[in-house]
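Written below as structure tokens is the structure these notes are about.
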């Protein structure tokens, strides 16, 4: 009997590690959802139309929704980083020009 338990310690250790990993994953689900790693796991939000279409006879083909919209701001992290990088380079060039003008 003692031999069997001695042989199974590695297997039991593996099961304990897997259970600990599952507990950590369960506790960090909110953070993973916030980072977008688990975006497909939760229920999809319902889309609500901005203007409910008119119902009744004779209005089936008319749609009076506003189609114009403003250009969205860049929401991609890489676009933001590139914009920041270009702004820093421009400021550095301006400062370099001012220093050169001051030393002349």
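In the working numbering, the protein residues as written are 3 to 106. Ideal Cβ placement from N, Cα and C applies to all residues, glycine included. The structure presented is a predicted model; accordingly, all values stated were derived computationally and were not measured.
If you reduce the DSSP assignment to three classes, tell me which class residue i lands in.
i: residue 106; result: coil
i: residue 30; result: coil
i: residue 38; result: coil
Kindly list the residues whose CB is nearer than 8 Å to the CB of residue i, restricted to its own chain and excluding five residues on each side of it in sequence; keep chain order.
i: residue 12; result: none
For residue i, which residues in the same chain have their Cβ closer than 6 Å to its Cβ, ignoring the five residues on either side in sequence?
i: residue 94; result: none
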